[in-house]
Structures are given as structure tokens and as C-alpha cells.
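A.B. asks: Pasting a structure here, questions to come.
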Amino acid sequence: MAVRRFRSIHLSTFPAFAGLTSDELDVLAASAEPRRLRRGEVLLHQGEQSDALYFVLSGRFSVETAGGEPIAEIGQGQPIGEIGFFAHIPRTATVRALRDSHVLAITRERLQQISGALPELRNAIISSLATRLASTTRFEEAPTLPRTIALVCAGDSRLPPRFVTLLFDVFGARSRTFFVTRAVIDERFPSHTHDDPDVSAWLNALEADFDFVVYVADDTLTDWTQKCVRQADVLLLVATAGAGTALNPSERLACSLHLPSARRLAVIHEARSDIVAGSAAWLAEREVLMHHHIALQDSADVVRLFRFLSGRAVGFVASGGGAFGSAHLGIYKAFREIGVDFDIFGGTSVGAAMAAGLAAGADAERVDQGTHNIFVKRRSFARYTFPYFSLLNHKVFDRALQAEYGTRTIEDLWRPFFAVSSNLSRNQIMVHRSGPLWEAVRASASIPGLLPPFFTPQGDMLVDGGIMDNVPLEPMKALKTGPNVIVAHKRQAPSLYAVDYQSIPGLRKTLLSWLNPLPRRKRPQVPNILQVITLSMVANRRQDVPFGEIDMLIDPALPPDFQWSRWEGHTEVFMYAYRGAIAELADGLKRGEACLAAILNALK
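Note that this note's numbering has the sequence shown beginning at 566, numbered continuously upward.
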């Protein structure tokens, strides 16, 4: 009787039953059968008979299509399966537990038996369904941010107390966060197991009072670690640099219950350094959405991790544009001077080259010096070859990139980075997030005709990313939510060429023109092959770039009459764009521009 009364009191908090009396709730509670589900268990299968109706007492469920794609979530106080139940049709979707959850089930037969005592029940549930459908947002339009995070040791690592302390300080100062450890549960529920329904109900109820619930698992696969894994939206696999990288039992359980999109790797270092090594070994053993390098010397990297987990990470997106690319550095420098700290970098073509240097920790002036080394000192785009594979000698360019980026790999950069190339083998963009940094930049900047394509060991032929995605905002948004600064040049104004097509000479006249040191007449002013290739590259601009309200698009100021291939003027472009951006940002701050405010607010 006491259990039945507890259920009726619990049901009274459900929005669907707000109009029912206490006697009606008692009848409903007496007719329902309890059912417990662990994370990952399926409550309903799409296509099966709709013979029962469910109510969520505690926990959370994912509604999935036949292909396993999540389209909605159902939480405490809501009904499950009411569409098929009342319409007498098979289940329209699969419903899977996202937490250790507790539901009450009412069969069709039992509902018919009590319908006389509960005349308003059907209308109440249908009204609740309509409200939920009206407020449901598809996942691809607004990804759900995590509410629960589990800290699980990776490999042979042990959870560093200093890291937990930094998390506690950073999350506590910026959000309402509750940290749950084995000790907290044992103190509150001394005579209960961790799988007890009362424990699950209390843990699930915390989500209503806090922005985040952080579960601190044991170092090994204990019953408490299993509970943490089952309660989590996101796994934060914690690896200490230098530890063994083999997958441990806790991770094997975690990876069996969580998709790669719900896993992140945090590699912990005692101090921040220019050179990081060993990331590839960790990533080879476990597939994760992203990995983060965390130095314990201060809270800066943990603050950045908080921004990623809370949907506030600030991205820097750099487009292609030849020698105009140095403008990216001017924009970056201007934003840094007003206090903007970027969390992730991505780029296409020359934008990838600039973003790579910034992600490696160099300041704008150092990256500008690298531009000088590659394009002016080594003259990488002025070394021609026999025009069979390309116009330029790619070996010179390759050596210049290797000299500038060294042996760094993308995964060992202190901040996340990606480069975009065009994969002609698969007719799709390729997002480079691992491997040698210089190779990613080389593939992203493989301008067709000027340079031979870059080929992967798997046989993919890669050319300049600008062909398919010159403004790679979509790959950025696939990795994180939050504001972005996008640096992209507007389409050039129409240019007309006073060229008589018939005056373009053939092979014989062209050779004679080159051999004759004193030409009798001036050569026709026709754009050369280099100019045509570069104009063709910048002509491609996607019209469907997914700009959002909190994304800030910057069209950098450029020196007048500056040419796409005039690399010797890189510093002039850099400083011209910097001065223009400083003025634009000052004006935006004065006007209270919404997207600029969003960027600054994300950093608070």
C-alpha cells in the first residue's frame, strides 16, 4: 500500500495528470506495473504491437528512427508510446534508455478496466503528447548539449586529483554543477546498492536542479564505475601523458554503451609545452569525437574544455584566397587584442596554412614570418617545372612546408585544428584531423594545374579544398556548438577583359615571341595560365554556408589593386587587414553588435 501511495504521489507531479484527483491517481498507480531499464536497453521497438502505455518516473529516453538516428528525447513526467497505443497502430519509433531509468506500464486491458474511474485520463495524455510534439526540435537543427558527464580513466591512467579540483573550480564558477562520487552516494544511501531505484531516481532528479551533473568514476571497473557510465550523456576519457594506452575494462564497457559522438578524450599533462607527443597512440585505441590537451599548471585548458561541453567554444574559420590569406592573421591579431581566445581552428587552402600555425601556438607575427619563408624566401610558387604533372615544382613547396611545420601532427597540436581538401576520388570534401600537419596543409592547398594532387596511402586523390568548400563552417559546426569568426573574401566585382580572341597566338607565334628578344609588336594582354587558374579558384563560392546568428563573418580590408599571387606583399596584407579589423571591432563594440557580444559572452 505504501509503495502504491508513493507512486500516486509521484504521478501527481506529471503535467499530464495535473487535473486528476488523489483518488484517481491511486487508481492509476494501482493499475501500473513498474519496470526498470539500464542505459542502452530498448523499451519499445519500432513496428511492434502497441499493447502498453508507459510513464517515466525517473530517467531519460531517446526516440530513434529505424536507422538509429535520435529524433527526440523523453524525460521524467512524460508518457511513452501513446501514439501507437491510442491510434491502435504499430510502434512508430524505437525508444531506448539514456540513463538507468524507471517507468510505469499500463496495458491496454488494464486501461479498459479502469477507464470508467478515469474518464479524463485519455484526454490528459493526448494533451501532453500535443504539447511535447509542439516543443520538439529535431536533433540536427539544435544538437542537445550534455547534462551528465562521466569521468572515466583511459588506459593505465589514474584520475589526477588536481584535474578533478580544476574541473570543480571551473564548472562551479560558470554553472550550477553537482559532482557525484562513490562517497557521496554511500553517505546518502548507506544501505542501498548503486543500482537501487531510489539511487537512480535521486541521481536523475539532480538534472532538474543543476546545469551539469559530473560523475567521478572509480579508477577501475567497479559497480560505481558502471553506474557512472550508464548515467552519462558524455564520456570524458581521462588519459595521463606517458601512461599505457591499451583499452581498459571500464572503457570497453563505456564504448559499448556510448557512440563515438558521445566520447571525448582528455590527455593530461603536468605543464604546457610547445611540443606534444603520443596522441596518435591514444586515438588509435579509441574512437572519440574530439580530444583535448589539458595542462595542470593553471585552469586555462579546463576553461576551454568547459566551453566545448557547454556549447560555447569559439571557432576561427579561415577561407582560401592565395596571397590574400595573410589577412587572416590581421583579423586574428585584432580579435586577440580585445580579449578573444579561440578554442578551435579550421581552414581551407591558404586559410588552412594560417590556421595551422595559429593552432600550433604561434602568434600572428610568427605565422607571417612563416609565410615569408615559404613563399618569398623559398619562392615556392615561383619555381616552374615541365608542365606535365603541374606548372610548379611541388618538391620545392613540399620542402618549404616540412621546414615550417616540422614533424608536428594534427593530433599533437595544443588546440584542435582541421583542414579541408577536395577528394576527387570520392567527390566529397575531406576533413583532415590527424596525421602530419604539413601534409594536411599541402592537400588543402593543392591548386589544380599549379600543383599535382596529393595522394593518400589509401589512393584518394586530393586537391584544393576551395573547389568544394572554400568557407569550411559546416565542418566546424559538426565538431562543436558556439560562436565562430569566419574570415572570407566577398565575390570580386565583375571584371571585363578587352581581348580579341582571334589575336591569341598559336604555338608557332608564341615560341617566336619568346625567342625574339626584340618583338616587333606588343604581345596581346591575355591573362596567363596562372591568373586563369587562380581566378577559377576564387570564383567558386558556396551559397549555402550555414551562417548562424552568433557567427561573425569578416570580409577583411585589403590593399587597393593587390594581386592574388603577390606573395611578397604578405605583411602589407596582414597589417592592412589588422587596421581595418581594429576599426570594425571598435565600431561593433560601440553599437553592441549581437554576434560580437555572443563571442565575448562565451568567454566569460
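By construction, the Cβ of each residue, glycine as well, lies at the ideal position given by its N, Cα and C atoms.
Would you call the segment 591-599 and the segment 664-672 in contact, with 3 or more CB pairs under 8 Å?
C.D. replies: As far as the Cβ criterion goes, the segment 591-599 touches the segment 664-672, which means the pair count is three or higher.
A.B. asks: Just mark Val745 as buried or exposed, buried being the case when its beta carbon has 16 or more other beta carbons within 10 Å.
C.D. replies: On the sequence shown, position 180 is the one that residue 745 refers to. Buried, since its Cβ has 16 or more Cβ neighbours within 10 Å.
A.B. asks: Using beta-carbon positions only, say whether Ala819 and Val794 come within less than 8 Å of one another.
C.D. replies: Within the sequence shown, residue 819 is the residue found at index 254, counting from 1. Within the sequence shown, residue 794 is the residue found at index 229, counting from 1. Contact: yes.
A.B. asks: Evaluate Val1064 with the Cβ neighbour count: other Cβ atoms within 10 Å of its Cβ, from every protein chain shown; 16 or more gives buried, anything less gives exposed.
C.D. replies: In the sequence shown, residue 1064 corresponds to position 499, counting from 1. The residue in question, Val1064, is exposed, as its Cβ has fewer than 16 Cβ neighbours within 10 Å.
A.B. asks: Report back the beta-carbon spacing between Ser815 and Ala782 to the nearest angstrom; my notes put them in contact at under 8 Å.
C.D. replies: Counting from one through the sequence shown, the residue named residue 815 turns up at place 250. Counting from one through the sequence shown, the residue named residue 782 turns up at place 217. Contact flag correct, Cβ pair sits at about 7 Å.
A.B. asks: Should Ser1068 be labelled buried (16 or more other beta-carbon atoms within 10 Å of its own) or exposed?
C.D. replies: By one-based count along the sequence shown, residue 1068 stands at place 503. Per the 10 Å Cβ criterion, exposed.
A.B. asks: Tell me whether Tyr970 sits in a helix, a strand or coil according to DSSP, three-state version.
C.D. replies: Taking the sequence shown and counting its residues from 1, one reaches residue 970 at position 405. Three-state DSSP puts Tyr970 in a helix.
A.B. asks: Mind pulling the beta strand (DSSP E) runs of 3 or more residues that sit fully within the segment 711-746?
C.D. replies: With a minimum length of 3 residues, the continuous beta strand (DSSP E) runs that stay inside the segment 711-746 are 713-718 and 742-745.
A.B. asks: Less than 6 Å between C-beta atoms, sequence neighbours within five positions excluded: which residues of the same chain meet that for Arg980?
C.D. replies: On the sequence shown, residue 980 is found 415 positions in, with the first residue counted as 1. Around Arg980: Ala924.
A.B. asks: Can you confirm whether Lys1042, when its beta carbon is compared against all beta carbons of chain C, has any partner nearer than 8 Å?
C.D. replies: Looking for chain C here will not work: only one protein chain is present.
A.B. asks: Taking 7 Å as the cut-off, is the beta-carbon of Arg747 closer than that to any non-hydrogen atom of the ligand GTP?
C.D. replies: Because no ligand of any kind appears in the structure shown, any question about the ligand GTP cannot be addressed here.
A.B. asks: Drop a sphere of 10 angstroms on the beta-carbon of Asn1093, count the other beta-carbons inside from all chains shown, and report buried for 16 or more, exposed for fewer.
C.D. replies: For the purposes of this step, residue 1093 is taken as residue 528 along the sequence shown, with counting starting at 1. Label assigned to Asn1093: exposed.
A.B. asks: Excluding the 5 residues preceding and the 5 following Gly1153 in the sequence, name in chain order all residues of the same chain whose CB lies nearer than 7 Å to its CB.
C.D. replies: Translated into the one-based positions of the sequence shown, residue 1153 becomes position 588. Counting only Cβ-Cβ distances below 7 Å, and skipping sequence neighbours, we find Leu1161.
A.B. asks: Considering only the alpha carbon of each residue, which of Ala888, Ser1130 and Gly895 lies closest to Phe881?
C.D. replies: Along the sequence shown, read from residue 1 onward, the residue named residue 881 stands at position 316. Ranking the options by Cα distance to Phe881, first place goes to Gly895.
A.B. asks: Note down the Cα distance separating Ala917 from Ile1115, rounded to an integer number of angstroms.
C.D. replies: Counting from one through the sequence shown, the residue named residue 917 turns up at place 352. Counting from one through the sequence shown, the residue named residue 1115 turns up at place 550. The alpha-carbon atoms of Ala917 and Ile1115 are separated by roughly 23 Å.
A.B. asks: Looking only at its chain, what residues have a beta carbon closer than 6 Å to the beta carbon of Gly1145, apart from the 5 residues adjacent to it on each side?
C.D. replies: For the purposes of this step, residue 1145 is taken as residue 580 along the sequence shown, with counting starting at 1. Ala1122.
A.B. asks: Short of 8 Å in beta carbon distance, which residues of its chain neighbour Gln641, apart from the five on each side in sequence? Order them along the chain.
C.D. replies: Position 76 of the sequence shown, counting from 1, holds the residue named residue 641. For Gln641, where only same-chain residues beyond five positions count, the Cβ hits under 8 Å are Val621, Leu622, Ser623, Gly624, Arg625, Asn769, Ala770 and Ala773.
A.B. asks: Cβ of Gly922 within 8 Å of Cβ of Gly935?
C.D. replies: As a first step, residue 922 must be located in the sequence shown, where it is residue number 357. As a first step, residue 935 must be located in the sequence shown, where it is residue number 370. Going by C-beta atoms, Gly922 is nearer than 8 Å to Gly935.
A.B. asks: Bridge partners for Ser666 per DSSP, in chain order?
C.D. replies: Mapped onto the sequence shown, residue 666 falls at position 101. According to DSSP, Ser666 bridges with Leu602.
A.B. asks: Just list the beta strand (DSSP E) runs in the segment 1031-1081, keeping only unbroken ones of 3 residues or longer that don't cross its boundaries, in chain order.
C.D. replies: You should have 1049-1052.
A.B. asks: Using a 10 Å radius around the Cβ and a threshold of 16 neighbouring Cβ atoms, would you call Leu1061 buried or exposed?
C.D. replies: The sequence position of residue 1061 within the sequence shown is 496, counting from 1. Exposed is the call here.
A.B. asks: What does Asn1166 pair with, by DSSP beta-bridge criteria?
C.D. replies: Mapped onto the sequence shown, residue 1166 falls at position 601. Answer is none; Asn1166 lacks a bridge partner.
A.B. asks: Under the rule that 16 or more other beta-carbon atoms within 10 Å means buried, what is Asn813, buried or exposed?
C.D. replies: Within the sequence shown, the letter at position 248 stands for residue 813. Buried, since its Cβ has 16 or more Cβ neighbours within 10 Å.
A.B. asks: At the level of alpha carbons, what is the spacing between Gln1128 and His893?
C.D. replies: Position 563 of the sequence shown holds residue 1128. Position 328 of the sequence shown holds residue 893. Cα to Cα, Gln1128 sits roughly 16 Å from His893.
A.B. asks: Indicate the three-state DSSP secondary structure (helix, strand or coil) for Arg675 in the structure shown.
C.D. replies: Looking up residue 675 in the sequence shown gives position 110. Note: Arg675 maps to helix in three-state DSSP.
A.B. asks: Taking all protein chains shown into account, do 16 or more other C-beta atoms lie within 10 angstroms of the C-beta of Ser914, making it buried, or fewer, making it exposed?
C.D. replies: As a first step, residue 914 is located in the sequence shown; it is residue number 349 there, counting from the start. Classification for Ser914: buried.
A.B. asks: Report the residue ranges of all beta strand (DSSP E) runs contained in full by the segment 992-1018; include only those spanning at least 3 residues, in chain order.
C.D. replies: Correct list: 993-997.
A.B. asks: Terminal residues of the continuous beta strand (DSSP E) containing Tyr780?
C.D. replies: Position 215 of the sequence shown, counted from the start, is the residue given in the question as residue 780. Start and end: Phe777 to Val781.
A.B. asks: To the nearest whole angstrom, what separates the beta carbons of Thr790 and Val729, a pair I think is in contact under 8 Å?
C.D. replies: Position 225 of the sequence shown, counted from the start, is the residue given in the question as residue 790. Position 164 of the sequence shown, counted from the start, is the residue given in the question as residue 729. 15 Å between Cβ atoms; not a contact.
A.B. asks: Note down, one range per segment and in chain order, each alpha helix (DSSP H) of at least 4 residues found wholly within the segment 799-824.
C.D. replies: If we require 4 residues or more, the alpha helix (DSSP H) runs fully inside the segment 799-824 come out as 814-822.
A.B. asks: On the DSSP bridge list, what partners appear for Met1117?
C.D. replies: As a working note, residue 1117 is residue 552 in the sequence shown. Partner(s): Val1050.
A.B. asks: Buried or exposed for Arg1073, going by 16 or more other Cβ atoms inside 10 Å?
C.D. replies: Residue numbering aside, residue 1073 sits at position 508 when the sequence shown is read from its first letter. When all chains shown are included, Arg1073 counts as exposed.
A.B. asks: Pop quiz: Ile833 and Ala804 are said to be a contact at Cβ under 8 Å. What is the actual Cβ separation, rounded to whole angstroms?
C.D. replies: Taking the first residue of the sequence shown as 1, we reach residue 833 at position 268. Taking the first residue of the sequence shown as 1, we reach residue 804 at position 239. Yes, Ile833 and Ala804 are in contact; Cβ-Cβ is about 7 Å, under 8 Å.
A.B. asks: On the CB-based measure, 16 or more other CB atoms within 10 Å of its CB, does Gln1023 come out buried or exposed?
C.D. replies: Numbered from 1 along the sequence shown, position 458 holds the residue referred to as residue 1023. It is exposed - the Cβ of Gln1023 has fewer than 16 other Cβ atoms within 10 Å.
A.B. asks: Starting from Gly912, follow its DSSP beta bridges and name the residues at the other end.
C.D. replies: The residue given as residue 912 occupies position 347 in the sequence shown. In the DSSP output, where bridge partners are listed per residue, Gly912 has Ala883 and Ala984.
A.B. asks: What's the gap between the Cα of Val996 and the Cα of Leu608?
C.D. replies: On the sequence shown, residue 996 is found 431 positions in, with the first residue counted as 1. On the sequence shown, residue 608 is found 43 positions in, with the first residue counted as 1. Rounded to whole angstroms, Val996 to Leu608 spans 37 Å at the Cα level.
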